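See structure below.
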Amino acid sequence: AGLSKLSGATLLSVGTSGADSIAAIAAEKDGRTTLWLSNLTAKKQSVQLSDTPISARIALLAADQFERAAADPNFMESPGRRLDDQFIPLDAYAVARVDLHRSSST
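Each residue of the sequence shown is one higher than the one before, starting from 1 at the first, in my numbering.
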């Protein structure tokens with residue numbers, strides 16, 4: 001589950017301005033791009049996606065979802081919710097999976 005689904009995928013370059021506070025990995029597989037983000041700190045962080053026109057869905061695991069995630073091993077496999085903003089707020093030690101899709105207008 002999770003990152004193991006990226007086995008055999010092509011890793012993509014990801015740049016962050018806070019390498020000591022946010023971990024990021026992105027990969028492309030079967031025409032889909034997946035970005036994983038992790039807040040490495042005890043403070044709330046915000047991640048801004050590039051200005052590339054995309055649509056995205058996000059699945060988020062933070063402290064307030066812990067009980068549901070512990071009871072459901074497929075919690076992070078859900079399609080997530082639509083991401084309507086280029087900013088992703090990450091609570092302390094939160095993890096996010098972002099499924100990115102190129103806009104059809106490009």
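Using N, Cα and C, we set each Cβ at its ideal position, and we do this for glycine too. Computed from a predicted structure; not experimentally measured.
Judged by DSSP secondary structure, Phe87 falls within the beta strand (DSSP E) whose first and last residues are 87-90. About 6 angstroms separates the beta carbon of Leu37 from that of Val47, a gap short enough to meet the 8 angstroms contact definition.
Looking at the backbone, the Cα of Asp99 and that of Arg32 are separated by about 7 angstroms.
DSSP places Glu67 outside any beta strand (DSSP E); the residue lies instead in the alpha helix (DSSP H), whose first and last residues are 66-71. Bridge pairing for Lys29: Arg32 [DSSP].
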